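Visitor: Sharing a structure with you now.
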């Protein structure tokens with residue numbers, strides 16, 4: 159029982175005498191082409207990154223960091239290199255008051271050298287100058303800066319009397 163029907167290549171496919179269909183080779187080729195297109199798209203989109211004007215980036219290759227400072231479109235090797243971007247504009251945070259509703263917080267209460275309490279609030283501005291250090295030196299650099307700022311202002315307030 160040999161029948162002949164439409165093949166993908168010639169418009170016909172055949173059924174062998176046992177009645178099983180032969181695997182059409184064209185389907186394998188289509189699947190291969192689709193796989194190549196998917197891999198190429200992943201490599202294409204994973205190999206580019208963009209640095210904005212107010213950013214710097216750290217390109218990490220096998221754990222070794224290198225700063226990239228020029229804004230624009232850059233290329234990297236996907237799955238081998240990673241990019242971490244750092245905002246290098248002047249940023250800030252408030253200590254002693256809440257910026258949303260201008261209410262004072264517990265951290266604003268400080269004590270002077272003559273044992274009087276005063277409310278002190280201030281705003282700290284900072285800027286990351288070295289993106290590699292910003293990424294690798296600490297997991298929370300802003301939290302550390304906030305603690306250091308509070309410590310310094312408490313030392314200054316604690317060394318003066320309330321009248322000073």
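Numbering (our numbering), first residue to last: 159 to 322.
Note that beta-carbon positions come from the ideal geometry of N, C-alpha and C, so glycine has one too.
Remember, predicted model here, so these are calculated numbers, not experimental data.
Would you report the Cα separation of residue 322 and residue 273, rounded to the nearest angstrom?
Guide: C-alpha of residue 322 to C-alpha of residue 273: approximately 13 Å in a straight line.
Visitor: For residue 290, which three-state DSSP category applies?
Guide: helix
Visitor: Which partner residues does residue 262 have in the DSSP bridge list?
Guide: By DSSP's assignment, residue 262 forms a beta bridge with 255.
Visitor: From the DSSP output, which residues share a beta bridge with residue 280?
Guide: 253
Visitor: Between the C-alpha atoms of residue 296 and residue 302, what's the straight-line distance to the nearest angstrom?
Guide: 8 Å
Visitor: Round the Cβ separation of residue 190 and residue 209 to the nearest angstrom and send it over; I've been treating them as touching at under 8 Å.
Guide: Contact between residue 190 and residue 209 does not hold, since their C-beta atoms are separated by about 36 Å, which reaches or exceeds 8 Å.
Visitor: Can you list, in chain order, the residues of its chain with a C-beta nearer than 6 Å to that of residue 178? Leave out the 5 residues immediately preceding and following it.
Guide: Confidence is the limiting factor: at residue 178 the pLDDT is only 47, short of 50, which leaves the residue's position unreliable and the question unanswerable from this model.
Visitor: Can you tell me which of the three DSSP states residue 274 falls into?
Guide: For residue 274, the secondary structure class from DSSP, reduced to helix, strand or coil, is coil.
Visitor: Does residue 212 come out as helix, strand or coil in the three-state DSSP assignment?
Guide: Coil.
Visitor: Tell me the DSSP secondary structure of residue 320 in three-state form.
Guide: Of the three classes helix, strand and coil, the one that applies to residue 320 here is coil, per DSSP.
Visitor: Please confirm whether residue 253 and residue 264 have their CB atoms less than 8 Å apart.
Guide: no
Visitor: Just tell me which of 215, 275, 240 has its CA closest to the CA of residue 228.
Guide: 215
Visitor: Helix or strand or just coil, what does DSSP make of residue 269?
Guide: strand
Visitor: In the DSSP output, what is residue 304 paired with across the bridge?
Guide: BP columns for residue 304 are empty, so no partner.
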